[in-house]
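Below is one structure, written out as structure tokens, with a few remarks after it.
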Ligand code: DQA
């Protein structure tokens, strides 16, 4: 069974309370519950983790090697400067989609840079919490096609 790791970075545990005019009113638990339903519909397994610590995110990504087939990640503020997270993703070779709830390109200049995007399959930004669902669906479709062709 295809297995996808869903990783959320710093301050995303504050969703629901955190700047709701930017990030919406859904909590991280609401988002993960919805993703669980989508995973069930698609017949795949997902594992969720949130951390406020860069090193913990790096270790979680390293440990995903050989365990998970795809990664959906919202690296939050680390998106804009964490070469350590970028290198961890690149080392695993796991197909990755970067998600942002807000439209980072319509915000401050520092948010318009992603050091992760160049090594990701793609980036979804500005679609609100739905972005996680589209990332999951796209990854699963790509992984299923790749499996069928191998
Ligand atoms: C975010 C955008 C980042 O710039 C910010 O630091 C976050 C959340 C988003 O989901 O829109 O924490 O990744």
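In the working numbering, the protein residues as written are 8 to 157. For each residue, glycine too, the CB sits at the ideal point set by N, CA and C.
Query: Starting from residue 132, trace the beta strand (DSSP E) in both directions and tell me its first and last residue.; Result: 129-132
Query: Extract the residue ranges of the beta strand (DSSP E) inside the segment 16-80, only unbroken runs of 3 or more that lie entirely within it.; Result: 52-57
Query: Should residue 191 be listed as close to the ligand DQA, given that the test is whether its C-beta is under 7 Å from any heavy atom?; Result: Outside the modelled stretch of the chain, which goes from 8 to 157, sits residue 191, for which no answer is possible.
Query: Any heavy atom of the ligand DQA within a distance shorter than 7 Å of the CB on residue 93?; Result: no
Query: Which runs of the alpha helix (DSSP H), 4 residues or longer, sit entirely within the segment 76-125?; Result: 90-99
Query: Give every residue of the same chain whose Cβ lies closer than 7 Å to the Cβ of residue 93, excluding the five residues on either side of it in the sequence, and list them in chain order.; Result: 122, 123 and 126
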